[in-house]
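Enquirer: Let me give you the structure first, and then I'll get to my questions.
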DNA sequence: CCTCCACAGGAAGCGCAGGAGT
DNA sequence: ACTCCTGCGCTTCCTGTGGAGG
């Protein structure tokens, strides 16, 4: 059967030669393109605000808000990069941008230690008091002697957990510094986030504000077309594919990241199937794959009882009309698996966590005489949830 | 108009793990 | 060896609340 083996190798090689991509990195959401369509106004405004950097002066703090996938992060990174290049050309680079994603670094301690680390300091991942880490930060900023532009992306994720005290201290730190200076760019996708802040923080953080409205389907099409021309081989994108991706993503609040992911994975699907043109059916498969990937990634990080609660909802047909019913079911399932159930209060928090993770939709409802409760419903396909839970259980060896 | 349901969700704190400084 | 710090998952106790039914 040596001829069979040779055939497989040859076939596989032939397939991988038939790629639809020229450069798939262009479609990744962390790629910063040379051109950001439909964000000219935001780019101009941010550049204006940050322009004092070139004169070695501290720019105003900026507050940026807009929904996910509206280009906030891309614009900030793009502008900072360009200013940096420009500053180097004119021989003035006394500023240092530091980018932090507060969803990943969601505590005061972790934000501060990441800051110190990006300035070349060292901090253990636990063990010090925050006051000590803050002191080290000041030392580092003083040592650079320039202006540190701190970008706090998804700032709401952190403030929701640990409050806004760190923002207060960061926006005031300049008063305690002799040489260096700090300015803060806060990015959030929670439009009402600003209202919940301490008034002192609000006024100092939003010396300037920039709003990023969602893209509509036409604008998304422009963005996709622009990227696709660099990402794919000519003629590798089938008719209507771009518009289909754009309108699918536009339905989900104009999220450009979604649209780009969809297009990239569709390309990967086409490639895998040995097709040299991306078609709409590939996009449909891509959509399912993306959802399933998102779910299993989230499920993996869930605490044990988080998985149990999710399982309870999935087994009950995907929804509960009261927290009480959910709790009874959850307790039953936990016990049957030999697990001591947690309190209802905790389950209530777990449901909120599942909601932030995008796995369920929870709505507070008032039923008058019959009390106030929460309706919970799965936000994704029930079978995908069950499959992810099963995979995860198997991975844990049980 | 008042009551009172069935919770939501805030506040405080606990025990443990991981680690620093002394 | 000892004290002190944080994050995490969790409990206990608590106050707040929109509206159906009286």
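Residue numbers (this note's numbering): 551 to 948. All C-beta atoms in this analysis are idealised placements derived from N, C-alpha and C, irrespective of residue type, glycine included.
What does the Cβ neighbour count give for residue 603, buried or exposed, with the cut at 16 atoms within 10 Å?
Expert: As a first step, residue 603 must be located in the first chain, where it is residue number 53. With 16 or more other Cβ atoms within 10 Å, it is buried.
Enquirer: Just mark residue 796 as buried or exposed, buried being the case when its beta carbon has 16 or more other beta carbons within 10 Å.
Expert: Along the first chain, one-based indexing puts residue 796 at 246. With 16 or more other Cβ atoms within 10 Å, it is buried.
Enquirer: Residue 912 by DSSP, collapsed to three states: which one?
Expert: Residue 912 sits at position 362 when you count from the first residue of the first chain. If DSSP states are grouped into helix, strand and coil, residue 912 belongs with the strands.
Enquirer: Residue ranges of each alpha helix (DSSP H) run of no fewer than 4 residues wholly in the region 713-737, ordered along the chain?
Expert: Whole alpha helix (DSSP H) segments, 4+ residues: 715-722.
Enquirer: Please state the DSSP three-state secondary structure of residue 557.
Expert: For this step, residue 557 is matched to residue 7 along the first chain. Helix, per DSSP.
Enquirer: Output the distance between the C-alpha atoms of residue 836 and residue 919, rounded to the nearest integer angstrom.
Expert: Numbered from 1 along the first chain, position 286 holds the residue referred to as residue 836. Numbered from 1 along the first chain, position 369 holds the residue referred to as residue 919. About 46 Å.
Enquirer: For residue 790, which residues in the same chain have their Cβ closer than 7 Å to its Cβ, ignoring the five residues on either side in sequence?
Expert: Counting from 1 along the first chain, the entry for residue 790 is found at position 240. The residues are 830.
Enquirer: According to DSSP, simplified to helix, strand and coil, what is residue 924?
Expert: On the first chain, residue 924 is found 374 positions in, with the first residue counted as 1. Three-state DSSP puts residue 924 in a strand.
Enquirer: Under three-state DSSP, which class holds residue 752?
Expert: Taking the first residue of the first chain as 1, we reach residue 752 at position 202. Reduced to three states, the DSSP call for residue 752 is helix.
Enquirer: Looking only at its chain, what residues have a beta carbon closer than 8 Å to the beta carbon of residue 841, apart from the 5 residues adjacent to it on each side?
Expert: Position 291 of the first chain holds residue 841. Taken in chain order, the residues that qualify are 930, 931, 934.
Enquirer: Look at the Cβ atom of residue 704, then the Cβ atom of residue 610, and state whether they are nearer than 8 Å.
Expert: Within the first chain, residue 704 is the residue found at index 154, counting from 1. Within the first chain, residue 610 is the residue found at index 60, counting from 1. Their beta carbons are not under 8 Å apart, which means residue 704 does not touch residue 610 by this criterion.
Enquirer: Can you list, in chain order, the residues of its chain whose CB lies under 6 Å from that of residue 652, leaving out five sequence neighbours each side?
Expert: The count along the first chain starts at 1 and reaches residue 652 at position 102. Correct list, in chain order: 702, 704, 705, 707, 708.
Enquirer: If I'm right that residue 799 touches residue 809 with Cβ under 8 Å, what's the distance once you round it to whole angstroms?
Expert: Taking the first chain and counting its residues from 1, one reaches residue 799 at position 249. Taking the first chain and counting its residues from 1, one reaches residue 809 at position 259. So it is a contact: roughly 4 Å between Cβ atoms.
Enquirer: For the alpha helix (DSSP H) that contains residue 634, what are its first and last residues?
Expert: Residue 634 sits at position 84 when you count from the first residue of the first chain. 622-639 is the extent of the alpha helix (DSSP H) around residue 634.
Enquirer: From the DSSP output, in three-state form, read off residue 602 for me.
Expert: As a working mapping, residue 602 is identified with position 52 in the first chain. Note: residue 602 maps to helix in three-state DSSP.
Enquirer: I need the straight-line Cα distance from residue 630 to residue 719, nearest angstrom please.
Expert: Within the first chain, numbered from 1, the residue matching residue 630 stands at position 80. Within the first chain, numbered from 1, the residue matching residue 719 stands at position 169. Going by the C-alpha atoms only, they are around 23 Å apart.
Enquirer: Mind checking which residues open and close the alpha helix (DSSP H) that includes residue 666?
Expert: Walking along the first chain from the start, residue 666 turns up at place 116. From DSSP, the alpha helix (DSSP H) with residue 666 extends over 658-668.
Enquirer: Along the chain, where does the alpha helix (DSSP H) containing residue 856 start, and where does it finish?
Expert: Reading the first chain from its first residue, position 306 is the one you call residue 856. From DSSP, the alpha helix (DSSP H) with residue 856 extends over 854-865.
Enquirer: Classify residue 580 as buried or exposed, calling it buried when 16 or more other Cβ atoms lie within 10 Å of its own Cβ.
Expert: Working through the first chain from its first residue, we reach residue 580 at position 30. It is exposed - the Cβ of residue 580 has fewer than 16 other Cβ atoms within 10 Å.
Enquirer: Helix, strand or coil, according to DSSP, for residue 596 in the structure here?
Expert: As a position in the first chain, residue 596 is number 46, starting the count at 1. It is helical.
Enquirer: Between the alpha carbons of residue 560 and residue 806, how many angstroms are there, rounded?
Expert: Walking along the first chain from the start, residue 560 turns up at place 10. Walking along the first chain from the start, residue 806 turns up at place 256. Taking the straight line joining both Cα atoms gives about 38 Å.
Enquirer: Can you tell me whether residue 766 is buried or exposed, with buried defined as 16 or more other CB within 10 angstroms of its CB?
Expert: In the first chain, the residue the question calls residue 766 occupies position 216. Burial call: exposed.
Enquirer: To the nearest angstrom, how far is it from the Cα of residue 684 to the Cα of residue 737?
Expert: In the first chain, the residue the question calls residue 684 occupies position 134. In the first chain, the residue the question calls residue 737 occupies position 187. Roughly 21 Å between the two C-alpha positions.
Enquirer: Residue range of the alpha helix (DSSP H) that residue 684 falls in?
Expert: Translated into positions along the first chain, residue 684 becomes position 134. Looking at the DSSP string, the run of the alpha helix (DSSP H) that includes residue 684 is 680-694.
Enquirer: Rounding to the nearest angstrom, what Cα-Cα distance links residue 911 and residue 622 in this structure?
Expert: Walking along the first chain from the start, residue 911 turns up at place 361. Walking along the first chain from the start, residue 622 turns up at place 72. Between residue 911 and residue 622, the C-alpha separation is close to 25 Å.
Enquirer: Would residue 662 and residue 690 qualify as a contact pair, given that the criterion is a beta-carbon distance under 8 Å?
Expert: Residue mapping note: residue 662 aligns to position 112 of the first chain, counting from 1. Residue mapping note: residue 690 aligns to position 140 of the first chain, counting from 1. Not a contact, by the Cβ cut-off of 8 Å.
Enquirer: Given this structure, state the Cα-to-Cα distance separating residue 833 from residue 626, to the nearest angstrom.
Expert: Counted from its first residue, the first chain places residue 833 at position 283. Counted from its first residue, the first chain places residue 626 at position 76. Rounded to the nearest angstrom, the two C-alpha atoms are 30 Å apart.
Enquirer: Going by DSSP, which residues form a beta bridge with residue 761?
Expert: Taking the first chain and counting its residues from 1, the one referred to as residue 761 is at position 211. BP columns for residue 761 point to 615.
Enquirer: Find out if the Cβ-Cβ distance for the pair residue 923, residue 915 is shorter than 8 Å.
Expert: Along the first chain, read from residue 1 onward, the residue named residue 923 stands at position 373. Along the first chain, read from residue 1 onward, the residue named residue 915 stands at position 365. Against a cut-off of 8 Å, the Cβ pair of residue 915 and residue 923 comes out as a contact.
Enquirer: Using the Cα positions of residue 551 and residue 819, report the straight-line distance between them to the nearest angstrom.
Expert: The residue given as residue 551 occupies position 1 in the first chain. The residue given as residue 819 occupies position 269 in the first chain. Because the pLDDT of residue 551 is 47, which lies under 50, any placement of that residue in the model is unreliable, and the number read from its coordinates should be weighed accordingly. If I take the Cα positions, the gap works out to 30 Å.
Enquirer: Do you know offhand how far residue 694's Cα is from residue 939's?
Expert: As a working note, residue 694 is residue 144 in the first chain. As a working note, residue 939 is residue 389 in the first chain. Taking the straight line joining both Cα atoms gives about 48 Å.
Enquirer: Exposed or buried, which one is residue 613 when buried takes at least 16 other CB atoms within 10 Å?
Expert: Position 63 of the first chain, counting from 1, holds the residue named residue 613. When all chains shown are included, residue 613 counts as buried.
Enquirer: Give the secondary structure of residue 794 by DSSP, where H, G and I count as helix, E and B as strand, and everything else as coil.
Expert: Locating residue 794 in the first chain gives position 244, counting from the first residue. Reduced to three states, the DSSP call for residue 794 is helix.
Enquirer: Could you check the C-alpha separation between residue 881 and residue 589 for me, to the nearest Å?
Expert: Counting from 1 along the first chain, the entry for residue 881 is found at position 331. Counting from 1 along the first chain, the entry for residue 589 is found at position 39. Answer to the nearest angstrom: the Cα atoms are 50 Å apart.
Enquirer: Assuming contact is defined by CB atoms lying nearer than 8 Å, are residue 647 and residue 777 in contact in what I supplied?
Expert: Within the first chain, the letter at position 97 stands for residue 647. Within the first chain, the letter at position 227 stands for residue 777. No, they are not a contact pair.
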